[in-house]
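Just below is one structure, and these are the notes that go with it.
Number of protein chains: 2
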Amino acid sequence: MDYYSKQISKLIEEFSSLPGIGAKSAQRLAFHVLNMPLEQVESLSSAILEAKKNVKYCKFCYTLTDDDVCPICKDTARNHKVIMVVENTRDLAAYEKTGKFEGVYHVLHGAISPMLGIGPNDIKLKELMIRLEQDVDEVIIATNSSLEGETTAMYISKLIKPTGIKVTRIASGVPVGGDLEYIDEVTLLRALEGRTVL
Amino acid sequence: MDYYSKQISKLIEEFSSLPGIGAKSAQRLAFHVLNMPLEQVESLSSAILEAKKNVKYCKFCYTLTDDDVCPICKDTARNHKVIMVVENTRDLAAYEKTGKFEGVYHVLHGAISPMLGIGPNDIKLKELMIRLEQDVDEVIIATNSSLEGETTAMYISKLIKPTGIKVTRIASGVPVGGDLEYIDEVTLLRALEGRTVL
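As they're listed, the protein sequences go chains A and B.
Numbered according to the numbering used here, the first sequence terminates at residue 598, and the numbering increases by one at each position without gaps.
Numbered according to the numbering used here, the second sequence terminates at residue 598, and the numbering increases by one at each position without gaps.
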């Protein structure tokens, strides 16, 4: 980085610290910023800081939002008795894009991972259990189908079962349009185990 | 983007406007920023704005730098009579990394492109000609070997020749470690034309 002046080096360094941005991309981004009109740069710079400063957890579902209560939890047309549990806000957005889920969410902000030292107290699980003291019909566990996601799903279902609330897990199997020959064995086995009568 | 709150959407939008960052990466970056400690976010945000505000052209070579004169132009140990002409500051840095060039640079900030409507007056060419009124031994043209880079090289050499200053062009050919079978025909022809006696 000695080939650039101090402030350019600093900018390249900041960009390279972001995920998925290597040394070359960081350079490209830095020079792009230097060539952008000042007002666009101000807009980028302030969007970063303002989002960080103002975005907080929804006090019900813990998704990241600008207000105290997120638009989904505010929406009285949705079924507040069906709660889908997801690992993060991006997963929530992925389900929202389907436009078919009419319940509400609960965002854990992580998954239990003994390997990484993340336990049940490090995710928003207590907060979920408190919500379940209200009248809830069903909890749909939509954590990822990774080792951590499965561990978390198992843990949550064991925790909820004694309350008598119905707990379900999203189906695991072959993705639509997926070509069997490129799909891993575990997924193929899951798809077989989860087969349905036609 | 309706799946996210206003400030998150704004941040995702800002990131997607950067080159090489698609919708998915922009989301990943946005949530990464939201999870970063506030002081790191402040540092990123201010590096962007400060670099834009403080970085300017070196008054001799027009590279992007923090000071009025860049470290290379300030360096009296370098040969100020040999000027390498490059398209941008990244190309300058690429040659600096070789550590073998002891002359100075001139940064054009672009290349002549009739297709894009970029003419000789849109790049720092007049500024180069003014520098050549001083005592200069050689001008090495190191613009890219693209159509625009070649056009620019040709144009500059015609402009300089009447002054009697030596004008050279960096060699074009097979990159070191390049596998002939994967190299385009134009490069192969250039390599053949530029062959040297062993």
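In this text, a Cβ means the ideal position worked out from N, Cα and C, and glycines have one as well.
Predicted model only: the values in this text are computed from it and were never measured.
For residue i, the three-state DSSP class (helix, strand or coil)
i: Ala-479 of chain A; result: Checking the sequence shown, residue 479 of chain A turns out to be Asn, not Ala. Correct three-state label for Asn-479 of chain A: strand.
i: His-509 of chain B; result: coil
i: Tyr-555 of chain A; result: helix
i: Val-441 of chain A; result: helix
i: Ala-423 of chain A; result: helix
i: Gly-594 of chain B; result: coil
i: Leu-449 of chain B; result: helix
i: Met-401 of chain A; result: Model confidence at Met-401 of chain A stands at a pLDDT of 43, short of 50, so the residue's coordinates are unreliable; what they give is reported in the following sentence. It is coil, neither helix nor strand.
i: Leu-418 of chain A; result: coil
i: Val-409 of chain A; result: The identity of residue 409 of chain A in the sequence shown is Ser, whereas the question assumes Val. Residue state, collapsed to three classes: helix.
i: Ile-496 of chain B; result: Correcting the residue type first, residue 496 of chain B is Glu in the shown sequence and not Ile. The answer is helix: DSSP assigns Glu-496 of chain B an H, G or I state.
i: Asn-544 of chain A; result: coil
i: Cys-470 of chain B; result: coil
i: Met-529 of chain A; result: helix
i: Gly-573 of chain B; result: coil
i: Ile-523 of chain B; result: coil
i: Asn-435 of chain A; result: helix
Exposure label - residue i; buried when at least 16 CB within 10 Å
i: Val-485 of chain A; result: buried
i: Lys-410 of chain B; result: buried
i: Asp-566 of chain A; result: Strictly speaking, residue 566 of chain A in this sequence is Lys, with Asp absent from that position. With fewer than 16 other Cβ atoms within 10 Å, it is exposed.
i: Gly-577 of chain B; result: exposed
i: Asp-491 of chain B; result: buried
i: Val-597 of chain A; result: exposed
i: Thr-498 of chain B; result: exposed
i: Thr-476 of chain B; result: exposed
i: Ser-445 of chain A; result: buried
i: Leu-449 of chain A; result: buried
i: Ala-542 of chain B; result: buried
i: Ala-493 of chain A; result: buried
i: Ser-546 of chain B; result: exposed
i: Leu-580 of chain B; result: exposed
i: Val-469 of chain A; result: exposed
i: Leu-516 of chain A; result: exposed
i: Ala-423 of chain A; result: exposed
i: Leu-589 of chain B; result: exposed
Counterpart residues of residue i in DSSP-defined beta bridges
i: Glu-538 of chain A; result: A:Val-482 and A:Lys-566
i: Ile-518 of chain A; result: A:Ser-513
i: Tyr-582 of chain A; result: DSSP lists no partner for Tyr-582 of chain A.
i: Lys-456 of chain A; result: A:Thr-465
i: Val-504 of chain B; result: B:Ile-483
Cβ-Cβ separation, residue j to residue i (assumed contact under 8 Å), whole Å
i: Glu-487 of chain B; j: Gly-510 of chain B; result: 6 Å
i: Lys-456 of chain B; j: Val-441 of chain A; result: Not quite, the Cβ-Cβ distance comes to about 14 Å (not below 8 Å), so this is no contact.
i: Thr-463 of chain A; j: Ile-512 of chain A; result: The Cβ separation is near 19 Å, so there is no contact.
i: Phe-501 of chain A; j: Thr-489 of chain B; result: Not a contact, Cβ separation roughly 49 Å.
i: Ile-523 of chain A; j: Thr-568 of chain A; result: Incorrect: roughly 19 Å between the Cβ atoms, too far for contact.
Among the options, the one whose alpha carbon lies nearest that of residue i
i: Cys-458 of chain A; options: A:His-506, A:Phe-415, A:Lys-424 and A:Asn-435; result: A:His-506
i: Leu-601 of chain B; options: B:Lys-561, B:Gly-519, B:Glu-414 and B:Leu-438; result: One cannot answer for residue 601 of chain B here, as it falls past the ends of chain B, which runs 401 to 598.
i: Asp-466 of chain B; options: A:Leu-525, A:Tyr-403 and A:Asp-535; result: A:Tyr-403
i: Gly-549 of chain B; options: B:Leu-464, B:Pro-520, B:Leu-449 and B:Ile-483; result: B:Pro-520
i: Gly-573 of chain B; options: B:Ala-493, B:Ile-560 and B:Glu-585; result: B:Glu-585
i: Met-554 of chain A; options: A:His-432, A:Val-597 and A:Leu-525; result: A:Leu-525
i: Thr-563 of chain B; options: B:Lys-474, B:Thr-551, B:Ser-545 and B:Ile-530; result: B:Ile-530
i: Asn-454 of chain B; options: A:Asp-475, A:Leu-438, A:Lys-452 and A:Glu-450; result: A:Leu-438
i: Phe-602 of chain B; options: B:Gln-407, B:Cys-473 and B:Asn-544; result: Beyond the ends of chain B as shown, which are 401 and 598, falls residue 602 of chain B; an answer cannot be given.
i: Arg-478 of chain A; options: A:Glu-496, A:Ser-446 and A:Ala-426; result: A:Glu-496
i: Ala-628 of chain A; options: B:Gln-427, B:Val-433, B:Leu-418 and B:Lys-424; result: Summary: the structure shown does not reach residue 628 of chain A, with chain A confined to residues 401 through 598, and so no result is reported for it.
i: Asp-535 of chain A; options: A:Asp-468, A:Ser-546, A:His-432 and A:Val-482; result: A:Val-482
i: Asn-435 of chain B; options: B:Ile-408, B:Gly-503 and B:Ser-416; result: B:Ile-408
i: Leu-559 of chain A; options: A:Asn-544, A:Glu-533 and A:Pro-575; result: A:Glu-533
i: Ala-571 of chain B; options: B:Ala-591, B:Ile-412, B:Glu-538 and B:Val-539; result: B:Ala-591
i: Val-433 of chain B; options: A:Gly-420, A:Ile-523 and A:Lys-424; result: A:Gly-420
i: Thr-587 of chain B; options: B:Asn-544, B:Val-539, B:Ile-412 and B:Asp-522; result: B:Asn-544
Contact test: residue i Cβ vs the ligand GDP heavy atom, cutoff 6 Å
i: Asp-475 of chain B; result: In the structure shown, the ligand GDP is absent, as is every other ligand, since no ligand is present at all.
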